[in-house]
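The sequence shown begins at 72 in the working numbering and counts up by one. Where is the CB? At the ideal position from N, CA and C, for every residue including glycine. First comes the structure, then the notes that go with it.
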Amino acid sequence: MATQVTVPAVRARKRGTGDPLVMVTAYDAPGARIADEAGVDIILVGDSLAMVVLGYENTLPITVDEMLHHTRAVRRGVKRALVIADMPYASYQVDEKQAVENAARFVKDGGAEAVKIEGGEKRVSLVHRLLDAEIPVMGHVGLTPQSLNVMGGYRVQGKTMNAIERLVKDAVALDRAGAFSIVLEGIPREVARIITEEVESPTIGIGAGPDCDGQVLVFHDILNLTDREPAKFVRQYADAAALITGAVAQFKADVEAKTFPADSESYHLPRETQMALEVIRARKKAMAR
Ligand code: KIV
Numbered sequence: 072m073a074t075q076v077t078v079p080a081v082r083a084r085k086r087g088t089g090d091p092l093v094m095v096t097a098y099d100a101p102g103a104r105i106a107d108e109a110g111v112d113i114i115l116v117g118d119s120l121a122m123v124v125l126g127y128e129n130t131l132p133i134t135v136d137e138m139l140h141h142t143r144a145v146r147r148g149v150k151r152a153l154v155i156a157d158m159p160y161a162s163y164q165v166d167e168k169q170a171v172e173n174a175a176r177f178v179k180d181g182g183a184e185a186v187k188i189e190g191g192e193k194r195v196s197l198v199h200r201l202l203d204a205e206i207p208v209m210g211h212v213g214l215t216p217q218s219l220n221v222m223g224g225y226r227v228q229g230k231t232m233n234a235i236e237r238l239v240k241d242a243v244a245l246d247r248a249g250a251f252s253i254v255l256e257g258i259p260r261e262v263a264r265i266i267t268e269e270v271e272s273p274t275i276g277i278g279a280g281p282d283c284d285g286q287v288l289v290f291h292d293i294l295n296l297t298d299r300e301p302a303k304f305v306r307q308y309a310d311a312a313a314l315i316t317g318a319v320a321q322f323k324a325d326v327e328a329k330t331f332p333a334d335s336e337s338y339h340l341p342r343e344t345q346m347a348l349e350v351i352r353a354r355k356k357a358m359a360r
């Protein structure tokens with residue numbers, strides 16, 4: 072069996088020290104099992120769950136309980152990859168004590184090995200508190216979907232000199248605070264490269280170009296399982312929607328044509344029971360005449 076991926080092993084995977092890190096999201100046991108068997112390093116139970124599985128407009132409404140439910144399912148499907156739970160909006164921004172308690176639930180009840188939080192310098196003190204509670208932290212800067220209302224939409228971040236300076240400071244602050252890895256989302260490739268060079272922890276990009284230490288994509292985006300227009304950075308590796316639609320349509324056609332189920336897809340009584348049953352039914356019919 073392949074060796075389990077650990078937090079120190081991820082932390083050690085800085086560019087040039089091996090293959091780039093591969094992270095993918097998963098939200099249930101079968102998806103997690105498939106991703107794990109495909110050999111990814113990290114499985115993130117992303118709060119993108121809110122949009123791609125639960126049908127919310129954005130990630131803001133999802134709760135700790137909902138995230139925990141799916142984290143447990145993912146945990147049951149994974150043998151090798153590192154499992155990280157995304158802390159949902161308002162579970163860590165309001166109060167640090169409550170944030171540590173929520174994070175501990177993801178580890179203790181959910182079986183996650185680490186948590187991910189969005190935000191840079193302003194999260195430094197929380198990163199310290201989480202590490203004090205033995206909870207490894209993945210950071211996330213750039214286009215942070217939980218800041219949707221502050222950003223005024225899902226916009227590429229870090230395009231002006233001030234914004235670039237802010238972003239680099241945020242990533243460096245997380246790195247120095249002890250985040251073992253940092254997601255860079257929706258930023259120019261050039262800025263992602265600068266950050267990747269500045270920080271010791273590996274960066275994992277999504278819409279941040281190829282110079283990061285690893286890449287992440289959302290499971291449902293890879294498979295064309297969302298109803299949204301894919302972002303520029305998404306590469307679709309398969310059309311699972313077409314596959315599923317075709318399979319369900321064929322099932323419908325077979326039922327309507329009465330070709331499903333076939334005799335070979337049915338259960339049968341043993342021969343003697345069948346014969347005994349026929350005798351009883353014939354007798355009943357005869358008596359009813
Ligand atoms: O929630 C999520 O899926 C994420 C990844 C896109 C990094 O945060």
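What residue range does the alpha helix (DSSP H) around residue i cover?
i, result
"glycine 148", "135-148"
"valine 239", "232-248"
"glutamate 167", "167-179"
"threonine 267", "260-269"
"valine 78", "78-82"
"valine 221", "219-222"
In whole angstroms, what is the alpha-carbon distance linking residue i and residue j?
i, j, result
"threonine 130", "glycine 181", "19 Å"
"proline 132", "alanine 234", "28 Å"
"alanine 279", "phenylalanine 304", "8 Å"
"alanine 175", "glycine 257", "29 Å"
"phenylalanine 251", "alanine 83", "9 Å"
"glycine 110", "glutamate 343", "51 Å"
"valine 78", "serine 272", "11 Å"
"valine 123", "threonine 297", "6 Å"
"proline 281", "valine 95", "16 Å"
"threonine 142", "aspartate 246", "25 Å"
"aspartate 166", "alanine 320", "50 Å"
"phenylalanine 290", "leucine 115", "10 Å"
Under a three-way DSSP split, which group does residue i fall into?
i, result
"lysine 356", "helix"
"histidine 199", "helix"
"aspartate 325", "helix"
"serine 337", "coil"
"glycine 317", "helix"
"valine 123", "helix"
"aspartate 292", "helix"
"glycine 102", "helix"
"isoleucine 253", "strand"
"aspartate 107", "helix"
"isoleucine 351", "helix"
"threonine 74", "coil"
"glutamine 286", "strand"
"methionine 158", "coil"
"threonine 274", "strand"
Going by alpha carbons, who is nearest to residue i out of the options?
i, options, result
"glycine 286", "Leu340, Val171, Val93", "Here the sequence assigns glutamine to residue 286, which means glycine is not the residue at that position. Ranking the options by Cα distance to glutamine 286, first place goes to Val93."
"alanine 100", "Lys356, Pro91, Glu128, Leu139", "Leu139"
"leucine 288", "Ala80, Val81, Arg104, Ser119", "Ser119"
"lysine 230", "Lys356, Leu214, Leu219, Val326", "Leu214"
"alanine 97", "Asp157, Ala73, Asp284, Ala263", "Asp157"
Along the chain, where does the beta strand (DSSP E) that runs through residue i open and close?
i, result
"alanine 152", "That residue, alanine 152, is in no beta strand (DSSP E); it is neither H nor E in DSSP."
"methionine 209", "208-213"
"leucine 92", "92-96"
"isoleucine 114", "113-116"
Short check: CB of residue i to CB of residue j, under 9 Å?
i, j, result
"aspartate 292", "alanine 302", "yes"
"glycine 191", "alanine 121", "no"
"glycine 148", "aspartate 107", "yes"
"valine 154", "arginine 146", "yes"
"valine 212", "glutamate 189", "yes"
"alanine 170", "phenylalanine 177", "no"
"alanine 248", "arginine 194", "yes"
"methionine 209", "isoleucine 277", "no"
Please tell me whether, using a cut-off of 8 Å, the distance from the CB of residue i to the nearest non-hydrogen atom of the ligand MG is below it.
i, result
"isoleucine 253", "Although the ligand MG was asked about, the structure shown includes only the ligand KIV as ligands."
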